[in-house]
Amino acid sequence: MHPEFVGILLNNNTYRRISSGRIGTESLANYEEAAAMYGLVPCFFTIHHISLDTGMVTGYIPIPSGYRRVYIPIPRAIHMRAIYHNRRELKRIEDLIKQGIFVFNGRTRYGKDTIHHMLEQDSGLSNALPHTVKATPVSIRSMLSQHGDLVLKPCSGSIGIGIMRLKRSTGHSQLTYSRSSPSAKGWRTVTLAEGKLHPLIYQRIKRAPFLAQERIPLAEYRGRPFDIRVTVQRGGSGSWEIAGMFAKTSPPQTFVSNIAQGGSAYQVPDILTRCMPNAPVGETLERIAEFSLHIARILSLFIPYAADFGLDIGITEDGRLYFIECNGCDQRYGFLEAGMGEAWKNSYRNPMAFVRYLYDNDTWPPH
Ligand SMILES: Nc1ncnc2c1ncn2[C@@H]1O[C@H](COP(=O)(O)OP(=O)(O)OP(=O)(O)O)[C@@H](O)[C@H]1O
Ligand SMILES: [Mg+2]
Numbered sequence: 120m121h122p123e124f125v126g127i128l129l130n131n132n133t134y135r136r137i138s139s140g141r142i143g144t145e146s147l148a149n150y151e152e153a154a155a156m157y158g159l160v161p162c163f164f165t166i167h168h169i170s171l172d173t174g175m176v177t178g179y180i181p182i183p184s185g186y187r188r189v190y191i192p193i194p195r196a197i198h199m200r201a202i203y204h205n206r207r208e209l210k211r212i213e214d215l216i217k218q219g220i221f222v223f224n225g226r227t228r229y230g231k232d233t234i235h236h237m238l239e240q241d242s243g244l245s246n247a248l249p250h251t252v253k254a255t256p257v258s259i260r261s262m263l264s265q266h267g268d269l270v271l272k273p274c275s276g277s278i279g280i281g282i283m284r285l286k287r288s289t290g291h292s293q294l295t296y297s298r299s300s301p302s303a304k305g306w307r308t309v310t311l312a313e314g315k316l317h318p319l320i321y322q323r324i325k326r327a328p329f330l331a332q333e334r335i336p337l338a339e340y341r342g343r344p345f346d347i348r349v350t351v352q353r354g355g356s357g358s359w360e361i362a363g364m365f366a367k368t369s370p371p372q373t374f375v376s377n378i379a380q381g382g383s384a385y386q387v388p389d390i391l392t393r394c395m396p397n398a399p400v401g402e403t404l405e406r407i408a409e410f411s412l413h414i415a416r417i418l419s420l421f422i423p424y425a426a427d428f429g430l431d432i433g434i435t436e437d438g439r440l441y442f443i444e445c446n447g448c449d450q451r452y453g454f455l456e457a458g459m460g461e462a463w464k465n466s467y468r469n470p471m472a473f474v475r476y477l478y479d480n481d482t483w484p485p486h
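Numbering (this note's numbering), first residue to last: 120 to 486.
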């Protein structure tokens, strides 16, 4: 009998490194181990290795001594771990879906504005969404006078690049920004006269669509604001489950907690015990989990074939929860940085358990 394959669609960089064994932030061994638990064999390839005409794909499968190149029929389920911006590549994904292949997480690139609008449809979330509008010089001034503290972020931003904070103080305002590639070092804060917007703001919001968003007063750990990354995935039952969560703090001088910007990862119970000593930790964890599952369920009404979300959840000192952001193809190594090996493995296991569900049921889950 042939082994049952599952496709793992990697980006070009990761794919190129397969034979060298050094593949950066993804763990191929985790895919292999997880797939084996569900009687599956992962086949690693990129979008360019798939031929829709022949229905075949060239890829690598694990063998005891490393990896072997194979030429096999396109697996019925493909776990997408690459991000595509290019129209041609996105079209190929659509074509695969049309041919009945379960390309899960196939449609992940939604702008932050679009995601926000999806969540606005749920009245239960209205208190959990930071006030957000399209950024224009007029809307930024109006939002600043309403909220006093704003985050200006690109609609399709990435790892904290281009994001700025604009904060009002008496008689002036302060802009925090970075011009360098992601790092904790490039950040600076400049003071602006009241009512003035920095030229950089004009420049950036002209070049790409930006949002002006109320900055949530995030709880702080040792003076550093933190938010919580919750990985929510479809698992073996087809429904949404929490793979794990970790807290990430912003480095000094910044307000962003992205690991790529120098943010640090911690275990959530540790942080909550220290920062919110009066709130029962178990209950708060439960609330964060329920909140995240709810968001995943709402989003999946709008995003077909979603099976994996990395949610950034903000929490205030008094325990209010806010939705900050949703990533469709989130990095998993934050779990390792937080010392959470089990959650890290889980984040690879759930998708393989979900493939088992798809193969056994031959249909996308109803909920
Ligand atoms: N409204 C907000 N209030 C408080 N902090 C915020 C807010 N928006 C963003 N931040 C901080 O900035 C960080 C980065 O912002 P966000 O997650 O929205 O974009 P991004 O990470 O740059 O985008 P992507 O995840 O698509 O790469 C957040 O993790 C959070 O620490
Ligand atoms: Mg983010």
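We put the CB at the ideal spot given by N, CA and C, even for glycine.
Own chain residues within Cβ distance below 6 Å of residue i, not counting five before or after
i	result
residue 272	282 and 330
residue 266	333
residue 259	331
residue 344	337 and 369
residue 262	269 and 331
residue 234	445
residue 371	none
Proximity test, residue i beta-carbon vs ligand 1 heavy atom, cut-off 8 Å
i	result
residue 421	no
residue 332	yes
residue 224	no
residue 276	yes
residue 253	no
residue 282	yes
residue 267	no
residue 374	yes
residue 246	no
residue 263	no
residue 286	no
residue 351	no
residue 469	no
residue 433	yes
residue 427	no
residue 344	yes
residue 387	no
Heavy atom of ligand 2 within 8 Å of residue i beta-carbon
i	result
residue 232	no
C-beta atoms of residue i and residue j nearer than 9 Å
i	j	result
residue 451	residue 146	yes
residue 300	residue 346	no
residue 174	residue 126	no
residue 418	residue 410	no
residue 433	residue 422	no
residue 228	residue 460	no
residue 199	residue 182	no
residue 137	residue 186	yes
residue 254	residue 166	no
residue 264	residue 287	yes
residue 420	residue 247	no
residue 196	residue 412	no
residue 395	residue 438	yes
residue 327	residue 381	no
residue 231	residue 170	no
residue 180	residue 192	no
residue 143	residue 132	yes
residue 335	residue 435	yes
residue 426	residue 353	yes
residue 430	residue 351	yes
residue 484	residue 357	yes
Cβ neighbours of residue i in the same chain (closer than 7 Å, five flanking residues each side left out)
i	result
residue 463	451, 454 and 455
residue 416	359
residue 393	340
residue 216	222, 225 and 424
Cβ neighbours of residue i in the same chain (closer than 8 Å, five flanking residues each side left out)
i	result
residue 475	157, 158, 159 and 355
residue 176	126, 162, 164, 168, 169, 170, 190, 191, 192, 193 and 194
Contact test: residue i Cβ vs ligand 4 heavy atom, cutoff 8 Å
i	result
residue 407	The model depicted lacks ligand 4 and carries ligand 1 and ligand 2 instead.
Discussion item. Does the segment 303-312 come into contact with the segment 351-365, if we say contact requires no fewer than three beta-carbon pairs (one atom in each stretch) closer than 8 Å?
Written reply: no
Item to complete: Pull every residue with its beta-carbon under 5 Å away from any heavy atom of ligand 2, and keep them in chain order.
Response: Taking each Cβ in turn, the ones that pass are 431 and 444.
Worksheet item: Okay, do the segment 464-483 and the segment 382-390 touch, 3+ Cβ pairs below 8 Å being the bar?
Response: no
Discussion item. Can you confirm whether the segment 312-330 touches the segment 277-296 when touching is taken to mean that 3 or more C-beta pairs between the two stretches lie within less than 8 Å?
Written reply: Enough Cβ pairs lie closer than 8 Å, so yes.
Worksheet item: Can at least three beta-carbon pairs, one atom from the segment 203-215 and one from the segment 156-164, be found at a separation below 8 Å?
Response: no
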